[in-house]
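Working notes, beginning with the structure itself.
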RNA sequence: GCCCCCAUCGUCCAGUGGCCUAGGACGCCGCCCUUUCAAGGCGGUAACACGGGUUCGAAUCCCGUUGGGGGUGCCA
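In this note's numbering, the protein residues as written are 868 to 1339.
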């Protein structure tokens, strides 16, 4: 009989939710949902100095944004100090742990004197010290043998016990440390699968030794996920890399795209179809299929995923989701914004953006009093062939003044018809108009843009471009 | 230093002894479509780190080398 499937995600609230943590949460969640098990949440906040309680709620919200949910009450380690103290007492009583009065600098100095080998030398091991100010509790690690465990992803892993120093389990301020809290909680929460980042692999023998000393009959199954790395193949770090999931939300990534992309880091569906709905991923996901080697967090590929997800949205939904970027710090005077105009252009914009934060850049010319003229575009299109540019602008002005009906089809015919009958490439003919109207040489479809801009503003921009061309 | 993990296209995944003259996706390049840019279509570029074994046969198994990474806290 195997124990019920129970996994947990155990973040430490020392910062925003990290991309790597999000992936760990996702894989835990996928394992639980795939196997009909439970996904628990635990906040590892034993270090009061580094923990920031105000971030806990943000972590919850970010997990929610990603579409991850959890079962049962959230466990906060900061509220379980008594439980850890009891566990430490029993460890002490059984001789698995002992009090130590060595100060960090003393430990370090002795290590140096020994000749480089870092770590604690067991100085207080057999001194039978009792509690006292400044004293810590250390765990007595075996001197011989090895600690072996099986990892769903890596197979059997073993660590020589002799390399394990007698590590601290209770700080001098009386607060228990990560290893004990972690071991005790996984035991109490009856976690069956410990799924976490590979950076915790070396901590596993310590936790296992602790569990066994706490008289647990069975070890959980471990699964150490490959690290997510940067372009230099180093573990994503808060300092040098863009790792806060919150930042990606602000940059306009869709949660579905982010979750889907994260799922492909260290795992791939058997049929090779990477972009697919989460229910399918849940069905296909298998923890034992997870890759062993680290994965580069490739923004370009994330962008591709995101672009696909954006295009797959119903237009109305695209409009809804764009709202935030349209209203917070838009490049135009807010009162100029017109929902109707945006809705008209939305399908064209949707097809072109890869992130929602790019949306304003595609419609800004519609809501700005004057288009922002891009120098390179002006040079390339207007200055390089002034004769043609002026000619096209004149034609456009003349045609547009009396064009009926004012709609994209007729507008396109006015310019294209002229180009075709005058031996001018359509591409060449539209360019000056585009720059005059939008300020750039690239952008959404021109004829539709002109239609929605309106005759008056269009003529105004054409004339002003002509003037600018004539006076420079 | 010591311990541990890892090693297929630039990147992410396939591949679990013969189906591999190694497949898909992103990127990149080219062509088509086209009012620009996208999107879409078509095509292309590009990898089994190296050296030994084992085997009739190895990307796949074993050993070593090299390379990369993680850990080595009174952080988690």
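The C-beta atom is built at its ideal place from N, Cα and C for all residues, glycine as well.
Between the region 996 to 1004 and the region 1061 to 1076 there are fewer than three C-beta pairs closer than 8 Å, too few to call the two in contact. Taking every protein chain shown into account, the CB of residue 1203 has fewer than 16 other CB atoms within 10 angstroms, so this residue is exposed. By the neighbour-count criterion, in which a residue is buried when 16 or more other Cβ atoms sit within 10 angstroms of its Cβ, residue 936 is exposed. Residue 1185 sits buried, since 16 or more C-beta atoms from the chains shown fall within 10 Å of its C-beta. From the listed residues 961, 1147, 1105 and 1222, the smallest Cα separation to residue 901 is found for 1147. For the pair residue 1069 and residue 1158, the CB atoms are not nearer than the 7 Å cut-off. DSSP places residue 1251 outside both helix and strand once states are collapsed to three, so it counts as coil. Counting only runs that start and end inside the region 900 to 943, the beta strand (DSSP E) elements of at least 3 residues fall at 905 to 910. For residue 1083, the secondary structure class from DSSP, reduced to helix, strand or coil, is coil. Between residue 1281 and residue 1266, the C-beta spacing is below 7 Å. Annotation for residue 1209: no beta strand (DSSP E) segment contains it, though the alpha helix (DSSP H) segment containing it runs 1206 to 1217. Each residue's CA atom was taken as its position, placing residue 912 and residue 1232 some 49 Å apart.
Nearest neighbour of residue 1310 by Cα position, chosen from 1215, 1056 and 1014, turns out to be 1215. Nearest Cα to residue 872 within the set 1089, 1161 and 1329: 1089. If only uninterrupted alpha helix (DSSP H) runs of at least 4 residues are considered, those enclosed by the region 1268 to 1330 are 1275 to 1288, 1293 to 1305 and 1313 to 1320. Between residue 1095 and residue 890, the C-beta gap is smaller than 7 Å, which places the two residues in contact. When Cβ pairs closer than 8 Å are counted between the two stretches, the region 1230 to 1244 is seen not to touch the region 1287 to 1296, the count staying below three. The three-state secondary structure of residue 1043, taken from DSSP, is strand. In this structure the region 927 to 945 does not lie against the region 1176 to 1190, because fewer than three pairs of beta carbons, one per stretch, are closer than 8 Å. Judged by DSSP in its simplified three-state form, residue 1062 adopts strand. Contact annotation: residue 1048 and residue 944 have beta-carbon atoms nearer than 7 Å. Straight across, the Cα-Cα distance linking residue 1302 with residue 1244 is about 7 Å. Between the C-alpha atoms of residue 881 and residue 1149 there is a straight-line separation of about 30 Å.
The continuous beta strand (DSSP E) containing residue 1091 extends over residues 1088 to 1092. Under the three-state reduction of DSSP, residue 965 is assigned to strand. With respect to the 7 Å criterion, residue 1328 and residue 1241 are not classified as neighbours on the basis of their beta carbons.
Beta-bridge pairing by DSSP links residue 1163 to 1096. Per DSSP, residue 973 lies in no beta strand (DSSP E); the unbroken alpha helix (DSSP H) holding it starts and ends at 971 to 982.
Minimum Cα-Cα distance from residue 1055 among the listed residues 1297, 1275, 1086 and 1163 corresponds to 1086. Rounded to the nearest angstrom, the gap between the Cα atoms of residue 915 and residue 940 is 21 Å.
For the pair residue 1018 and residue 1024, the CB atoms are nearer than the 7 Å cut-off.
Residue 1023 sits in a strand when the DSSP states are folded into three classes.
Assigned with DSSP and collapsed to three states, residue 1050 falls in helix. Spanning the alpha carbons of residue 1174 and residue 1261 requires a straight line of approximately 38 Å.
Taking C-beta atoms under 8 Å as the contact rule, residue 981 and residue 972 fail to qualify, at a distance of about 15 Å.
Of the candidates 1065, 1230, 1272 and 1153, 1065 places its Cα closest to the Cα of residue 887.
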